[in-house]
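Engineer: Encoded as structure tokens, here's the structure I'll be asking about.
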Amino acid sequence: MTKAGRRVPTFKCTSCPLHRMDEWHDLDADELAFVTRVKRDHVFEPGEVIFHQGAPCDGMYWVRTGLTGERRLDPDGEMALVRLGYAGGALGYQELLTGKPYRNSAEALKRTATCYLSHAAIRELLDRNTKLRDRFLQRCVRDHEKTEKNLVAALNRGVRTRFLYALLKLYERYGQFVTGKGHILELPIARKDLAALVGTGPESISRTIRKLERDRIASFDGRTVFFPDLGAVQDEIHNVG
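The following block contains the structure:
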């Protein structure tokens, strides 16, 4: 992974649909103007790093468009993908609120546009707008609950079900239905990254793929996934719970 990112002209917050979502819809016109004035916008190409694990957290990033992945260096020196970040997601906010270094490295997996606010700018906003501070706390709670839910799912579901669930979530964002071909997903991440997200190894994913193809649930051609019957995928996930 290489540290990069290209500075681009500032995108006005009032023109961005994200400011009406989540934490930001409580900002008034003056506060939106302040954010537009002090933020920095960047575009990261696939493979470029947004920030590195262990670096001091000097600010927060919002994903305006694209896809990001958070990677963590394990004790064996391998970088494992632990989380995906979609448009509207925030990167580094927990570290900023706690004053700790970045716990993961963040990388662009698809061409990604981000907005960056420094630590000082965020603190000024939080002091000016108590609702914003409360909403960040609520986000922390939601993310914690989501982590717990994923851990429970990992314990109660097998690799096959977790893998199908991950594919289905990716299809909902990046898949399409093509007449004569069916439901198609171009995977935005490598199989080893899928394995890390599912909580298993590449060999287990390869065995699971062979079984899915044998059962005609899905077929794979490189990074292209074909679903003959998307309902069958949903039913299998639902029936396991």
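Following our numbering, the numbering of the sequence shown begins with 496 at its first residue and continues without gaps.
Yeah, the Cβ is synthetic: ideal placement off N, Cα and C, and Gly gets one too.
Just so we're clear, the structure is a prediction, and the values are computed from it rather than from any experiment.
1) With a 10 Å radius around its C-beta and 16 neighbouring C-beta atoms as the bar for buried, classify A685 as buried or exposed.
2) For T505, which three-state DSSP category applies?
3) So is R668 in contact with chain C if we call contact Cβ pairs under 8 Å?
4) Count the other CB atoms, across all protein chains shown, that sit within 10 Å of the CB of S600; report buried if there are 16 or more and exposed otherwise.
5) For a test of the three-state rule: what should DSSP assign to R559, helix, strand or coil?
6) Once you ignore the five residues that flank A575 on each side, which residues in its own chain have a CB closer than 7 Å to its CB?
7) Ignore the nearest five residues each way along the sequence and tell me which others in V673's own chain have a CB closer than 6 Å to its CB.
8) How big is the Cα-Cα spacing for G594 and I700?
9) Quick check: the Cα distance between F539 and C511, rounded to an integer number of angstroms?
10) What is the DSSP secondary structure of G726, counted as helix, strand or coil?
11) Report the partner residues of S510 according to the DSSP bridge assignment.
12) From the DSSP output, read off the bridge partner residues of D710.
13) Identify which residue in G549, K641, G561, E681 has its Cα closest to the Cα of G717.
14) Using DSSP bridges, identify the partner residues of L680.
15) Given that a residue counts as buried once 16 or more other Cβ atoms are within 10 Å of its Cβ, and exposed if not, what is D730?
Structural biologist: Walking through what the data contain:
1) exposed
2) coil
3) Given the protein chain composition of this structure (a single chain), no chain C is represented.
4) buried
5) strand
6) R566, R567, D569, A691
7) I679
8) 37 Å
9) 19 Å
10) helix
11) Its beta-bridge partners do not exist; DSSP assigns none.
12) Paired residues: none, contrary to the question.
13) E681
14) V720
15) exposed
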